[in-house]
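Asks: Here it is, the structure in full.
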Amino acid sequence: MQISSNYSKFARFLNLGMKLIFDKKELQSCLSSHEDEAKMLGLVPTMGALHEGHLSLVRQALSENSRVVVSIFVNPTQFNNPEDLKKYPKTLETDMALLESVSDEIIVFAPTVSELYTQNISSKNYSFNGLDKVMEGAFREGHFNGVATIVEILLDLVRPNKAYFGEKDFQQLQIVRKLSHELPFKVKIVGCPIVREPHGLAMSSRNQLLSKRMRQRAGIIFKTLQTAHSMFGTKNATVIVAYVNSVFAKEADLELEYFQIADVETLTPMQRKQDNIKYRGFIAVYAEGVRLIDNIAMN
Ligand code: PAF
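Under the numbering used here, the very last position in the sequence shown is 334; numbers go up by exactly one each time.
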């Protein structure tokens, strides 16, 4: 049994052999005590409120590494909206139970804000060659500086061989890839496919803030992306964007923030289709005050 502090409500998980660590130094000593060059270490960074999408990242990490750290940390610097931060679900006990259902050998790292932000609770300023200026970056000022700051802190602390990120946040994935190339140590960033709810809504911790009815209705977001994808062979971007706009213009309770077809490498909007470029359609929609994002490969 590995109890790292007096969090007795977690004792049943710790009895199962799971490690729950709140402290940086303790994490590092746990990782170095197992140090073995031949072993692979995987990191799955999360903000908790885990769902099947996260668990798919954890399963992939377990299949490719001998040890896996799952971090659970609601990172204040990536929230441009304080209300959004306040209402972000925090469910550590349920998260532990879900992780235990996958494997009891996971190392869970759930630090406090002051444990990771030792000086100020603020972001570094990065330059991502414009990747951070479009879509989420345009609508959520400072968001990607916050994400990159915490991802760099976590990668530096854990020093994994591989780190796992979901493709639902595709722009984040590309930015983290760019960040990883600039770090003074080696880490492979692995992107994992989007997992969906039965009606097609991309899994997200925010979905639990929606009513049951809206969770089903919001399936229209993926349905629209699928239609956009099917139009891609014959129609240009302007026509497809106009189609998506027309769908949401009819939906009073779903507000389209953007839909854009972009080059997956540069994330710049598609002008004229080029054969050697991969494109994705990216969307952000508000439903019951909750911001939902999704994307689909177009070719
Ligand atoms: O995708 C998320 O949950 C977060 O942005 C991440 C990568 C854990 C950083 O806080």
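All C-beta atoms in this analysis are idealised placements derived from N, C-alpha and C, irrespective of residue type, glycine included. These numbers come from a predicted model, not from an experiment.
(1) Name the residue from I331, E150, I255, V169 whose alpha carbon lies nearest to the alpha carbon of L302.
(2) Quick one: is the Cβ of I224 within less than 7 Å of any heavy atom of ligand 1?
(3) Out of C65, N155, G254, which has the shortest C-alpha to C-alpha gap to T112?
(4) How many Å lie between Q261 and Y293 at the Cα?
(5) Run through DSSP, which three-state label would K168 get?
(6) Helix or strand or just coil, what does DSSP make of Y123?
(7) For my contact list, L214 and V186 are in at a C-beta cut-off of 8 Å; report their separation, rounded to the angstrom.
(8) Under the DSSP definition of a beta bridge, which residues are partnered with C227?
(9) In angstroms with no decimal places, state the Cα-to-Cα distance between A253 and Y321.
(10) Once DSSP output is grouped into helix, strand and coil, what is the label at S106?
(11) Decide if the segment 136-148 is in contact with the segment 53-68; the criterion is three or more beta carbon pairs, one per stretch, under 8 Å apart.
(12) Check for me: the beta strand (DSSP E) holding Q243 runs from which residue to which?
(13) Output needed for V79: all residues of its chain with C-beta closer than 8 Å, excluding positions within five of it in sequence on either side, in chain order.
(14) By how many angstroms is the C-alpha of H216 removed from the C-alpha of R398?
(15) How big is the Cα-Cα spacing for K308 and S281?
(16) Quick one: using the 10 Å Cβ neighbour count with 16 as the cut-off for buried, is V182 buried or exposed?
(17) Tell me, please, whether the segment 205-213 touches the segment 271-291 by the rule of three or more beta-carbon pairs shorter than 8 Å.
(18) Report whether the distance from the Cβ of D204 to the nearest heavy atom of ligand 1 is below 7 Å.
(19) In this structure, how does DSSP classify A330 when only helix, strand and coil are distinguished?
(20) For N41, count neighbouring Cβ atoms within 10 angstroms of its own Cβ and tell me buried if that reaches 16, exposed if not.
(21) Check whether the Cβ atoms of A297 and V279 sit closer than 8 Å, and answer yes or no.
(22) Which runs of the beta strand (DSSP E) fall wholly inside the segment 288-313 and span at least 3 residues, in chain order?
(23) Here's the rule: buried if 16 or more other CB atoms are within 10 angstroms of the residue's CB, otherwise exposed. What is T269?
(24) Whose CA, out of N334, N330, G324, lies closest to the CA of N311?
(25) Name the two residues that bound the continuous beta strand (DSSP E) containing G77.
Replies: According to the structure shown:
(1) Nearest neighbour of L302 by Cα position, chosen from I331, E150, I255, V169, turns out to be V169.
(2) Checking the Cβ of I224 against ligand 1 gives no.
(3) The residue among C65, N155, G254 with its C-alpha nearest the C-alpha of T112 is N155.
(4) One C-alpha to the other measures close to 16 Å.
(5) Correct three-state label for K168: coil.
(6) In this structure, Y123 counts as coil in the three-state DSSP scheme.
(7) Indeed, because the Cβ distance is near 6 Å, the residues count as touching under 8 Å.
(8) Partner(s): G201.
(9) Each residue's alpha carbon lies about 10 Å from the other.
(10) Residue state, collapsed to three classes: strand.
(11) Look at the beta carbons and you see the segment 136-148 touching the segment 53-68: at least three pairs across the two are nearer than 8 Å.
(12) Premise fails: Q243 is in no beta strand (DSSP E) and is neither H nor E.
(13) The beta carbon of V79 lies closer than 8 Å to those of H89, L92, V93, A96, V103, V104, V105, S106, A198, Y199 in the same chain, with the five residues before and after it left out.
(14) Because the chain here runs from 36 to 334, residue 398 falls outside it and cannot be looked at.
(15) In this structure, the CA atom of K308 is about 22 Å from the CA atom of S281.
(16) Classification of V182: buried, given that the 10 Å Cβ count is 16 or more.
(17) Between the segment 205-213 and the segment 271-291 there are fewer than three C-beta pairs closer than 8 Å, too few to call the two in contact.
(18) Under cutoff, so the answer is yes.
(19) Correcting the residue identity first, residue 330 is Asn in this sequence and not Ala. Look at N330 here: in three-state DSSP terms it is strand.
(20) Low local confidence applies: a pLDDT of 49 at N41 is under 50, so the model's placement there is unreliable, with the coordinate-based value given in what follows. Burial state of N41 is exposed, judged by a 10 Å Cβ sphere holding fewer than 16 other Cβ atoms.
(21) For A297 and V279, no; Cβs fall outside 8 Å.
(22) Entirely contained in the segment 288-313, the beta strand (DSSP E) runs reaching 3 residues are, in chain order, 289-298.
(23) It is exposed - the Cβ of T269 has fewer than 16 other Cβ atoms within 10 Å.
(24) Of the listed residues, the one whose Cα sits closest to N311 is N334.
(25) Following the DSSP letters along the chain, one finds G77 inside the beta strand (DSSP E) bounded by residues 76-81.
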